Structures are given as structure tokens and as C-alpha cells.
Amino acid sequence: MTLGIAQLIAAYVVLAAVLAGLNIFSTLSWLMKAVLLVATSAAYLVLYFSFPPLLGWPSSDELPRRFGLIALYVQEPDRITGAKGNVFFWVTDKTSNSVVPRAYLLDYEPELHARAKEARAKLQKNVPQVGEAVSGDEMDLTRMGKPGEERQGAKTHKYTVKFFDAAPEAPPSKTAEMSAPAGDDAPPPPAP
Amino acid sequence: MNWGMIGIIFAYLVLALLLLVLLARTRWGWTIKGLAIAGVALLTYSTAISYSPLIGWPTGIALPKRFNLVGIHVDEPNKNTQAKGTIYLWLTDMEQQLGRSIPRAYKIPYSPALHNKLNEASKKLRKNLPQLGETEFVRNAVTGRLEVDLQFFDMPDPLFPEK
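If you read the sequences in order, they're chains A and B. Just so you know, our numbering puts 188 at position 188 of the first sequence, and the rest follows in order with no gaps. Position in the second sequence (from 1) plus 192 gives the number in our numbering.
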């Protein structure tokens, strides 16, 4: 069972308080008991302030099986510093109803970079992109053994990540021609 | 390893020290000592498996003063669900590695003025014009609260002009 931040801190505080309480009855000197009590109290605060710095950074967890791509960011390998490079994805999980985006990181691979670049170019043209992450052991066998054919995915050690143009979420309105186009890039209404 | 991880390890070292003292320097029965060991082991295991699902989600801490905008996602207010709306930003801190550091996700409360500014910045991002953001705190004239305000500028071209 996984716990949220508040539950983790609450569990820690309860357990540490019980242990500190029990230690009052130990054979230690009162000075040592006082030091332990102060250290325990300080540890509550340290734990409380330790979670926010962990949040917001990309996760190395598996990408959702189907996701909406919001943005991506590539750090190419650097021979001088020895950095291996990463591809970062900022996505919403299409398999759940959550609208909150989550950041993920994958190891850099040139093929993955090429796919990501292509997806970004489409995003820049206002074509929403949906991604699919297939585990490495679930390769698309129908695409193998066909020489000269372009690879349909970029296989990493964990995934094959593929991108598609997102299908419209609803059929077009019958009155679409009458209404103004929606979206950020909608042109201003004509002057009267 | 960032400060968050160091803090969590410190907190658990204190807990381990308390457990050690309980085991070595008290005359409590082994039932209590056994329960304490089981409690600490369970909490350590819970923290280890709970840590990973917490990572990657946006944080509500203050935005960096200057940042490179990487991505924007807006969850607008919804009258039906009473949701107040949230703006999610994905950015790199300009104070670290000239903005080429690892991007971090933030969330800030929705405001229509901020949404408009972000729409403008988003349009420029789509035109391959990197956006430099600056965070300011302004006092709301009505509520008196400090609110986040963002200003966006086209990122200066780092290349020198040809001779």
C-alpha cells in the first residue's frame, strides 16, 4: 500500500513519538534522553520540509500505456562531461481521468530523440499528440524483418514509444460553420 | 541527491537510533520491542514504495525568479465541479546551468490574466521562440493577498552575430 505525503509524515510522527516516549523509561542519563527527544522533534520538522524539494522533478517510473503529450525536453549526451543524456516527457495519463500532468524521464537514444522531435514539430503545428508506451518485451513483431521499412517506434531498454495524431475527442458540431473556431490561435472576430 | 532525500535519510537515522536505544537500554518486554521493530520496518517499507509514485507530479512551491519556459498546461475553473482551476508550468531554472538543467513541474492558482499571458507565451513557443519568464509577487488590491505574476520575454539569442 502506498501512502501520500501527509500519511507518511503522520505515520512517522506517531511512531517516533511512541519510541521517544518509551525511551523515557530507558536507563540512559537525563541528558541523553533530552538529546534524543530534541533530535526526534527536529526529525519531524526535517521530514516535513524534505518532501517539497522532491516534488516536481521527473520520475523514472514507467510511462502510462497511453498518454497525451504536453511538452518534451531533450538533453543530448555530452562527451565532455560524460553525461548520457535524457529525454523528458510531460504527459497526462489517458488511461485515467486525471488532468494533472506528470513528468517522466527516459534514457537518451537517437531514435527516441528523432521520434520526439517529430512529435514536437506536430505539437508546434497545433496537432495534439498521443503517445503509446509499449514494454520492451512487447515489441511489434509485425514490423520486424521488413528491410527498408522505416521503424515504427524507438525501442529503449524499457519501452517502445510511439506517437500518433490525437483523434478528435468529440464529433464536429453541426453548426461548426456558424461558430467561431476555438483555441488559442483563433483569429479575432471580423470588425463590424 | 537533493536536500529532500538527505532530510528523509536523516529522519530515518534518528528513528533507527531511537529503536536501537529502546532495544539496548530498556527493560521492556520483547513484545513491545518486537512491535517497535515491526513498526519501524513497516514504515521504512511504506516510505520506500510510496516515494516513487510521489515523483513527477507538480509542486506548489515558489517558482524560480527567472526561468526558461518548457511547457504549459491549464486546467480552467469549472463551475459545475466548483474547481478553482490550476495552471501547470514545466520549466528550467535560469540560475542553474543557464537554464539547461532538468525541467521541474510547478502549479499555481488559475487567474484569467495569467492565462492570457501564458497563451501569448505559448504561441511564441510554438513559433520556436524560447521564452524567458520572470516571477513577481504583487499584492491583490481586492483581497490584499500576495499573488504570483509572470512576465515573459523572448530569450536573447546566445549566438554572436557573424563578422
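Using N, Cα and C, we set each Cβ at its ideal position, and we do this for glycine too. Note that the structure is predicted; figures quoted are calculated from it, not measured.
Just to check my reading of the structure: residue i and residue j have Cβ atoms closer than 8 Å, yes? What is that Cβ distance to the nearest angstrom?
i	j	result
B:Tyr302	B:Thr273	So it is not a contact: roughly 13 Å between Cβ atoms.
A:Asp165	A:Val134	Not a contact, Cβ separation roughly 18 Å.
A:Leu55	A:Asn86	The pair is not a contact, with the Cβ atoms about 19 Å apart (cut-off 8 Å).
B:Asp163	B:Lys316	Chain B is shown from 193 up to 355; residue 163 of chain B falls before or after that span and cannot be answered.
A:Asn23	B:Leu210	6 Å
A:Glu64	A:Lys94	A quick correction: the sequence has Pro, not Glu, at residue 64 of chain A. 7 Å between Cβ atoms; contact.
A:Ser26	B:Thr218	4 Å
B:Gly196	A:Ser50	5 Å
Pick from the options: whose alpha carbon is nearest that of residue i?
i	options	result
A:Asp78	A:Leu8, A:Phe67 and A:Tyr108	A:Tyr108
A:Leu123	A:Val13, A:Val87, A:Phe163 and A:Leu105	A:Phe163
B:Asp267	A:Asn97, A:Ile9 and A:Glu132	A:Asn97
A:Thr40	A:Glu62, A:Asp93, A:Tyr12 and A:Leu55	A:Tyr12
A:Pro53	B:Ile229, B:Ile198 and B:Phe259	B:Ile198
A:Gly21	B:Ile264, B:Tyr204, B:Ala228 and B:Thr223	B:Ala228
B:Ile264	A:Phe51, A:Thr92 and A:Phe49	A:Thr92
B:Glu328	B:Gln343, B:Lys319 and B:Asn320	B:Gln343
A:Ala116	A:Ala71, A:Gly82 and A:Ser60	A:Ala71
A:Ala17	A:Val38, A:Lys125 and A:Ala121	A:Val38
B:Val262	B:Pro245, B:Asn270, B:Thr284 and B:Ile200	B:Thr284
B:Pro245	A:Phe67, A:Val14, A:Leu15 and A:Gly4	A:Gly4
B:Pro348	B:Ser293, B:Leu338, B:Pro322 and B:Ala240	B:Pro322
B:Ala203	A:Ala42, A:Ala121 and A:Pro101	A:Ala42
B:Arg292	B:Asn260, B:Ile253 and B:Val330	B:Asn260
A:Tyr44	A:Arg66, A:Phe67, A:Lys125 and A:Gln7	A:Gln7
B:Ile201	B:Thr239, B:Asn308, B:Thr335 and B:Leu215	B:Thr239
B:Ala230	A:Leu19, A:Lys125 and A:Trp30	A:Leu19
A:Leu15	B:Asn270, B:Ile224 and B:Lys271	B:Ile224
Considering residue i, what are the terminal residues of the beta strand (DSSP E) in which it resides?
i	result
B:Asn270	Where B:Asn270 is concerned, there is no enclosing beta strand (DSSP E), given that its DSSP letter is neither H nor E.
A:Ala71	Arg66 to Gln75
B:Ile300	Arg296 to Pro301
B:Asn332	Per DSSP, B:Asn332 belongs to no beta strand (DSSP E) and is neither H nor E.
A:Leu105	Arg102 to Asp107
A:Asn97	Premise fails: A:Asn97 is in no beta strand (DSSP E) and is neither H nor E.
A:Ser135	Gln129 to Ser135
A:Trp57	Unbroken run through A:Trp57: none, as it is neither H nor E.
B:Leu281	Thr278 to Asp285
B:Gln343	Leu338 to Asp346
Using C-beta distances below 6 Å, list every residue in its chain close to residue i, excluding the 5 sequence neighbours before and after it, in chain order.
i	result
A:Ala103	Pro58 and Trp90
B:Arg258	Met286 and Glu326
B:Tyr280	Pro250, His265 and Lys299
Got a sec? Which residues, its chain only, sit under 8 Å from residue i by beta carbon, not counting five neighbours each side?
i	result
B:Thr359	Summary: the structure shown does not reach residue 359 of chain B, with chain B confined to residues 193 through 355, and so no result is reported for it.
B:Leu235	Leu207
A:Ala83	Gln75 and Pro77
A:Leu28	Leu36
A:Gly145	A caution first: A:Gly145 carries a pLDDT of 49, below 50, which makes its placement in the model unreliable, though a value can still be read off. Counting only Cβ-Cβ distances below 8 Å, and skipping sequence neighbours, we find nothing.
A:Ala119	Leu69, Leu72, Gln129, Gly131 and Phe163
Could you name the residues of the same chain whose beta carbon sits closer than 7 Å to that of residue i, not counting the 5 residues immediately before and after it, in chain order?
i	result
A:Leu141	Residue confidence for A:Leu141 is low, a pLDDT of 48 falling below 50, so the modelled location carries little weight; the figure read from the coordinates is stated next. There are no such residues.
A:His113	Val74 and Val87
A:Tyr48	Ile9
B:Asn332	Glu339
Could you give the residue range of the alpha helix (DSSP H) that holds residue i?
i	result
B:Trp220	Note, B:Trp220: premise wrong, no alpha helix (DSSP H); not H, not E.
A:Leu19	Ile5 to Asn23
A:Gln124	Pro110 to Gln124
B:Pro256	From DSSP, B:Pro256 is part of no alpha helix (DSSP H); its letter is neither H nor E.
B:Glu312	Pro304 to Arg318
A:Lys33	Trp30 to Ser50
If you measure beta-carbon to beta-carbon, which residues of the region 227 to 259 of chain B are closer than 7 Å to chain A?
The residues in question are Ala228, Gly231, Val232, Leu235, Ser238, Thr239, Ile241, Ser242, Ser244, Pro245, Leu246, Ile247, Gly248, Trp249, Pro250, Thr251 and Ile253.
Residues in the region 65 to 92 of chain A having any Cβ partner in chain B nearer than 9 Å
Cβ contacts with chain B: Ile70, Ala71, Leu72, Tyr73, Gln75, Asn86, Phe88, Trp90 and Thr92.
For the region 123 to 135 of chain A, which residues have a CB atom closer than 9 Å to at least one CB atom of chain B, in sequence order?
For the region 123 to 135 of chain A, which is checked against every Cβ of chain B, the residues closer than 9 Å are Leu123, Gln124, Lys125 and Asn126.
Contact list for the region 298 to 314 of chain B against chain A, Cβ threshold 7 Å:
Only Tyr298, Asn311 and Ser314 from the region 298 to 314 of chain B bring a Cβ to less than 7 Å from some Cβ of chain A.
Proximal residues, the region 15 to 44 of chain A versus chain B, C-beta separation under 7 Å:
Within the region 15 to 44 of chain A, the residues whose Cβ lies closer than 7 Å to some Cβ of chain B are Leu15, Ala16, Leu19, Ala20, Leu22, Asn23, Phe25, Ser26, Thr27, Leu28, Leu36, Ala39, Thr40 and Ala43, listed in chain order.
Please list the residues of the region 47 to 60 of chain A that have a C-beta atom closer than 7 Å to any C-beta atom in chain B, keeping them in chain order.
Of all residues in the region 47 to 60 of chain A, Leu47, Phe49, Ser50, Phe51, Pro52, Pro53, Leu54, Leu55, Gly56, Trp57, Pro58 and Ser59 have a Cβ within less than 7 Å of some Cβ in chain B.
Contact residues within the region 101 to 114 of chain A, judged by C-beta distance below 9 Å to chain B
So the close ones are Pro101, Arg102, Ala103, Tyr104 and Leu105.
Positions along the region 263 to 274 of chain B whose CB lies within less than 9 Å of some CB in chain A
Hits within the stretch, in order: Gly263, Ile264, His265 and Asp267.
Taking any Cβ of chain A, which residues in the region 203 to 220 of chain B have a Cβ under 9 Å from it, in chain order?
Taking 9 Å as the Cβ-Cβ cut-off against chain A, the residues of the region 203 to 220 of chain B that qualify are Ala203, Tyr204, Leu205, Val206, Leu207, Leu209, Leu210, Leu211, Val213, Leu214, Ala216, Arg217, Thr218, Arg219 and Trp220.
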